[in-house]
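Structure record follows, encoded as structure tokens.
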Amino acid sequence: MPAHPLPHRTASRGVRSAVFDPEAQTRRELAASPAPGSPSPPGFTFLEVILAAAMLAVLFAITGQLIVNMKRQTRLAERHSLALRTIENSMEELTAMPWDKLDDATIAALELPAAVRDRWPDAALAGSVTASSDPVEAKRISLTLSLSPEARTRPASLTTWIFRRPRE
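Printed below as a string of structure tokens:
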């Protein structure tokens, strides 16, 4: 008997043939399918897909809210930063003035820059000068800038002390 590359076995010996056997294919499919009551085969069920979609929808909604809140906070921080820069400039202008000219009337005469007035027409700059002579002559200058009265942001404030130069 000639030797074959694939052993040809006969059914009489109870060994399967290497040739296509439809019954063997059916047996393999049955063996691969789960028995009743056993866990389902790997894959996704419709319920799992729906739950995953729902979780993604919740994730997108939360992410959207976070982005909106982040933009709002960034806008408020920019407003506050601009207000601080504005009163810093005003404070620098005041501290450069002669000692005798520093009073509440000088602060009332201060005007906001045109860019601030154009962007926030309701912006208000307020302040006060408080004189002190203990232990040396000094003036406490406080400035407050509120960009809009109805805004939920607190006004920006800045306070400094200037001291009279000794007379020579």
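Under this note's numbering, the first residue of the sequence shown carries the number 13, and numbering increases by one thereafter. Ideal Cβ placement from N, Cα and C applies to all residues, glycine included.
Starting from residue 98, follow the alpha helix (DSSP H) in both directions and report where the run begins and ends.
-> Residue numbering aside, residue 98 sits at position 86 when the sequence shown is read from its first letter. Going by DSSP, residue 98 is part of the alpha helix (DSSP H) stretching over 58-107.
Top-ranked residue by Cα proximity to residue 120, from 175, 68, 156, 165 | The residue given as residue 120 occupies position 108 in the sequence shown. Among 175, 68, 156, 165, the Cα nearest to that of residue 120 is on 156.
Validate contact between the region 127-142 and the region 157-168 using beta carbons, cut 8 Å, 3 pairs = The region 127-142, when compared against the region 157-168, does touch it at the 8 Å Cβ threshold.
Since I believe residue 95 is in contact with residue 168 (beta carbons under 8 Å), could you give me their beta-carbon distance rounded to a whole number of angstroms?
-> On the sequence shown, residue 168 is found 156 positions in, with the first residue counted as 1. On the sequence shown, residue 95 is found 83 positions in, with the first residue counted as 1. Between residue 95 and residue 168 the Cβ distance is about 4 Å, and since that is below 8 Å, they are a contact.
Classify residue 55 as buried or exposed, calling it buried when 16 or more other Cβ atoms lie within 10 Å of its own Cβ.
-> As a working note, residue 55 is residue 43 in the sequence shown. It is exposed - the Cβ of residue 55 has fewer than 16 other Cβ atoms within 10 Å.
Would you list the one or two residues that DSSP bridges to residue 151?
-> Position 139 of the sequence shown holds residue 151. Beta-bridge pairing links residue 151 to 143, 174.
Taking Cβ to Cβ, would you say residue 153 is nearer than 7 Å to residue 106?
-> By one-based count along the sequence shown, residue 153 stands at place 141. By one-based count along the sequence shown, residue 106 stands at place 94. Yes, Cβ-Cβ distance for residue 153 and residue 106 is below 7 Å.
Which residue or residues does DSSP assign as beta-bridge partners of residue 118?
-> Mapped onto the sequence shown, residue 118 falls at position 106. Residue 118 is not bridged to any residue.
Which residues share a DSSP beta bridge with residue 211?
-> Lying before the first or after the last residue shown, residue 211 is absent from the chain, which here runs from 13 to 180.
Could you check what DSSP says for residue 164 in three-state terms: helix, strand or coil?
-> As a first step, residue 164 must be located in the sequence shown, where it is residue number 152. If DSSP states are grouped into helix, strand and coil, residue 164 belongs with coil.
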